[in-house]
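Let me begin by presenting the structure, written as structure tokens, before commenting on it.
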Amino acid sequence: MDHKKVAFITLGCKLNFSESSTLARKFIEHGFERVEPNNLADIYVINTCSVTDHADKKSRNLIRKIARKHPEALIIVTGCYAQLKATEIAAMPEVDMVIGNSEKNSLFDLISNFPNKKNEKNALIRQSSLFNSFFPAFSSGDRTRSFLKVQDGCNYHCAYCTIPLARGESRNLPIDTLIKTAQQIAKQGIREIVLTGVNIGDFGKSTGESFLQLLIELEQVVGIDRYRISSIEPNLLTDEIIKFTAESNKFQPHFHIPLQAGTDAVLKRMRRRYTTAQFAEKIARIKASIPDVFIGIDVIVGFPGETEEDFDATCQFLQKLAPAYLHIFPYSERANTPAILFPDKISPEIKNERVKKLEILSNKLHEQFIDRYINSVRPVLIEGAKKGKMMFGYTDNYIRVELPYQSNCINTIIPVRLEHREKDHIVIPKN
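Just so you know, we're using the numbering used here here: the sequence shown kicks off at 45 and counts up by one.
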């Protein structure tokens, strides 16, 4: 293959980001130059998301935009949208090849054997409904932080979700293999690792191990100073994991936990595995054990049958829980899910109105969380800056901080007195 420049465009979750980074390294190892998506490339690999209908639309718009700007380039589409709707994507005249998640680990080899020219017919599809392997992945290129994929797939079948179809059943690599990868990341000078996956609390299904065992082993890796646990199901966030995090020198006081709805009736229709009382008890235990913890919560609004009373109850429930942040999704119909057949659909106008109300609540909660720490001193990992301007980083409990640039501080952890909040972050003014 004569192509020498490749660009990766990644949509969606941290898991996609880690996989795109790993795929890019494969290209670089074989003599390719990786360029930014807005630069001229011979191949554009678009790693898609399909969590909502909006995500699908965003992928299609991006494909068309790339094709208009670079009509001679090969356009390869992969990711969850490619897994779930390969035929739909292949019918787009701009697309040359569709590679599902099930074949993503072989993406470089598939592209290498692809004709070195634009397709004149429908795109070639490489996709299977079988997930027989685990694609190891971690991100690199960021001096301070890496996303390490520790788990893939999901055995849960929530009524609204296509992830089991897009990613297969829960599976993972052995702990000793992941420890070697973490050590490899540490050798690159990276100070923080974010553990990613589809349902990371379910780690160990394919190896007979546990997520807690993984955390205990990762704690011992020399060179990594910080770990963060990405989204974890409340029923899998055990008391033992909470206790370990509270006592750990490396695992940060930071959890992201999906709630999805604030009433038991809606949770039951969603096929979630807990009640509001159980969720509230879990949050209370976390806060009791880790007083300075940052808690982010996922919420879906406008699920079929969600009444105004249900939504009001969700708002009141969230106010009582007082998390640091809300990640809000309007419900989106997904093919081949039970919820698509549910009656009592909620109009787009009402969903948008509910999203806006929760966004206001989220901003209020986030500002209140930050204000608790004004005039306190927190450790901040300085991640980046523009020379002569401000540098930025995050506290252990995930407050973004901006402060005057100092070149010797990049990729170091320094104590910072949090002096002044501006909207959703702390700014340390110049003296």
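Glycine is no exception: its CB is placed at the ideal position from the N, C-alpha and C atoms.
Please classify G197 as buried or exposed, where buried requires at least 16 other C-beta atoms within 10 Å of its C-beta.
Taking the first residue of the sequence shown as 1, we reach residue 197 at position 153. Under this definition G197 is a buried residue.
Spatial neighbours of S177 within its chain, please: CB distance less than 8 Å, with the 5 preceding and 5 following residues excluded, ordered by chain position.
Working through the sequence shown from its first residue, we reach residue 177 at position 133. Taken in chain order, the residues that qualify are N149.
Quick one, are the C-beta atoms of E236 and R270 less than 8 Å apart?
Taking the sequence shown and counting its residues from 1, one reaches residue 236 at position 192. Taking the sequence shown and counting its residues from 1, one reaches residue 270 at position 226. Yes, these two residues count as a Cβ contact at 8 Å.
I'd like to know whether the C-beta of R315 is nearer than 8 Å to at least one C-beta of chain D.
Among the chains in the structure shown there is no chain D, since it carries only a single protein chain.
Give the straight-line distance between the Cα atoms of N157 and I458, rounded to the nearest whole angstrom.
Position 113 of the sequence shown, counting from 1, holds the residue named residue 157. Position 414 of the sequence shown, counting from 1, holds the residue named residue 458. Roughly 49 Å between the two C-alpha positions.
Using CA atoms only, rank isn't needed, just tell me which of R104, I443, N455 is closest to P466.
Here residue 466 is taken as the residue at index 422 of the sequence shown, counted from 1. The sequence shown places Glu at residue 466, rather than the Pro named in the question. Per the Cα distances, I443.
Alpha carbon to alpha carbon, how far is V121 from P115? Give it in angstroms, no decimals.
In the sequence shown, residue 115 corresponds to position 71, counting from 1. In the sequence shown, residue 121 corresponds to position 77, counting from 1. Computed Cα separation, rounded: 15 Å.
According to DSSP, simplified to helix, strand and coil, what is R69?
For the purposes of this step, residue 69 is taken as residue 25 along the sequence shown, with counting starting at 1. If DSSP states are grouped into helix, strand and coil, R69 belongs with the helices.
What residue from I301, Q304, V310, V238 has the CA that sits closest to K294's CA?
If you number the sequence shown from 1, residue 294 lands on position 250. Cα-wise, what sits closest to K294 is V238.
Could you check whether V343 and I512 sit closer than 8 Å to each other, using their CB atoms as the reference points?
Absent from the model: residue 512. The displayed extent of the chain is 45 to 475, so no value can be given.
Using the C-alpha atoms, what's the distance from S451 back to I244?
Translated into positions along the sequence shown, residue 244 becomes position 200. Translated into positions along the sequence shown, residue 451 becomes position 407. In a straight line, the C-alpha of I244 is about 36 Å away from that of S451.
Could you tell me which residues DSSP puts in a beta bridge with L118?
Here residue 118 is taken as the residue at index 74 of the sequence shown, counted from 1. The partner list for L118 (beta bridge, DSSP) reads I87.
If you draw a straight line from the alpha carbon of R215 to that of V421, how long is it in whole angstroms?
Position 171 of the sequence shown, counted from the start, is the residue given in the question as residue 215. Position 377 of the sequence shown, counted from the start, is the residue given in the question as residue 421. Pairing R215 with V421, the inter-Cα distance amounts to about 40 Å.
Report yes if the CB atom of S184 is closer than 8 Å to the CB atom of Q232, and no otherwise.
Sequence index remark: in the sequence shown, residue 184 carries index 140 (1-based). Sequence index remark: in the sequence shown, residue 232 carries index 188 (1-based). It is a contact, given that the beta carbons lie within the stated cut-off.
For T54, which residues in the same chain have their Cβ closer than 7 Å to its Cβ, ignoring the five residues on either side in sequence?
Locating residue 54 in the sequence shown gives position 10, counting from the first residue. Same-chain partners within the cutoff: N60, F61, S64, N91.
To the nearest angstrom, how far is the alpha carbon of I286 from that of I454?
Working through the sequence shown from its first residue, we reach residue 286 at position 242. Working through the sequence shown from its first residue, we reach residue 454 at position 410. Near 30 Å, if we compare the C-alpha coordinates of I454 and I286.
Looking only at C-alpha atoms, which of H98, V95, A126, M136 sits nearest to R112?
For the purposes of this step, residue 112 is taken as the residue at position 68 of the sequence shown. Measuring from the Cα of R112, the nearest candidate turns out to be M136.
Using DSSP with H/G/I as helix, E/B as strand and the rest coil, what is P382?
Residue 382 sits at position 338 when you count from the first residue of the sequence shown. Of the three classes helix, strand and coil, the one that applies to P382 here is helix, per DSSP.
Considering only residues of the same chain and omitting the five flanking positions on each side of Y375, which have a CB-CB separation below 6 Å?
For the purposes of this step, residue 375 is taken as residue 331 along the sequence shown, with counting starting at 1. Only residues of its own chain outside the window of five on either side were considered, and among them I344, G346, F347 have a CB closer than 6 Å to the CB of Y375, listed in chain order.
Proximity of H300 and A368 at Cβ, strictly below 8 Å:
For the purposes of this step, residue 300 is taken as residue 256 along the sequence shown, with counting starting at 1. For the purposes of this step, residue 368 is taken as residue 324 along the sequence shown, with counting starting at 1. No.
When the Cα atoms are used, what is the spatial distance from I426 to Q296?
Walking along the sequence shown from the start, residue 426 turns up at place 382. Walking along the sequence shown from the start, residue 296 turns up at place 252. Each residue's alpha carbon lies about 15 Å from the other.
Cβ-Cβ separation, T289 to K58 (assumed contact under 8 Å), whole Å
Against the sequence shown, residue 58 aligns to sequence position 14. Against the sequence shown, residue 289 aligns to sequence position 245. Incorrect: roughly 19 Å between the Cβ atoms, too far for contact.
Run through DSSP, which three-state label would M141 get?
Here the question's residue 141 lines up with position 97 in the sequence shown. M141 falls in the strand class under three-state DSSP.
Taking 8 Å as the threshold (C-beta atoms), are A117 and L88 in contact?
The residue given as residue 88 occupies position 44 in the sequence shown. The residue given as residue 117 occupies position 73 in the sequence shown. Here the sequence assigns Tyr to residue 88, which means Leu is not the residue at that position. Cβ atoms of Y88 and A117: closer than 8 Å.
Please identify the residue among Q195, F191, S190, E213 whose C-alpha is closest to the C-alpha of H201.
Here the question's residue 201 lines up with position 157 in the sequence shown. Restricting attention to Q195, F191, S190, E213, the CA atom closest to the CA of H201 is found in E213.
Quick one: what's got a C-beta closer than 8 Å to A305's C-beta in the same chain, skipping five residues either side?
For the purposes of this step, residue 305 is taken as residue 261 along the sequence shown, with counting starting at 1. Counting only Cβ-Cβ distances below 8 Å, and skipping sequence neighbours, we find L311, M314, R316, V343, I344, F347, E350, D354, T358.
Taking a contact to mean a Cβ-Cβ separation below 8 Å, would you say F182 touches I229 in this structure?
Your numbering for residue 182 matches position 138 in the sequence shown. Your numbering for residue 229 matches position 185 in the sequence shown. Yes, Cβ-Cβ distance for F182 and I229 is below 8 Å.
Cα-Cα, which of E397, R398, A321 is closest to K364?
Residue numbering aside, residue 364 sits at position 320 when the sequence shown is read from its first letter. When only C-alpha atoms are compared, the closest one is A321.
Short Cβ contact (8 Å threshold) for R272 with V242:
Residue 272 sits at position 228 when you count from the first residue of the sequence shown. Residue 242 sits at position 198 when you count from the first residue of the sequence shown. No, Cβ-Cβ distance for R272 and V242 is not below 8 Å.
DSSP state of D153 mapped onto helix, strand, coil:
The residue labelled residue 153 in the question sits at position 109 within the sequence shown. Helix at D153.
On the criterion of 16 or more Cβ atoms from any shown chain inside 10 Å, does D415 qualify as buried, or is it exposed?
Locating residue 415 in the sequence shown gives position 371, counting from the first residue. That one is exposed.
Would you identify the three-state DSSP class for L222, choosing helix, strand or coil?
Position 178 of the sequence shown, counted from the start, is the residue given in the question as residue 222. Helix at L222.
Alpha carbon of Y449 to alpha carbon of V460, nearest angstrom
Position 405 of the sequence shown, counted from the start, is the residue given in the question as residue 449. Position 416 of the sequence shown, counted from the start, is the residue given in the question as residue 460. Rounded to whole angstroms, Y449 to V460 spans 13 Å at the Cα level.
Residues near L209 in its chain [Cβ-Cβ closer than 7 Å; skip 5 each side]:
Numbered from its first residue, the sequence shown carries residue 209 at position 165. Hits under 7 Å: L128, N380.
Does the Cβ of A332 have 16 or more other Cβ atoms within 10 Å, making it buried, or fewer, making it exposed?
Here residue 332 corresponds to residue number 288 of the sequence shown, with the count starting at 1. The residue is exposed, with fewer than 16 neighbouring Cβ atoms inside 10 Å.
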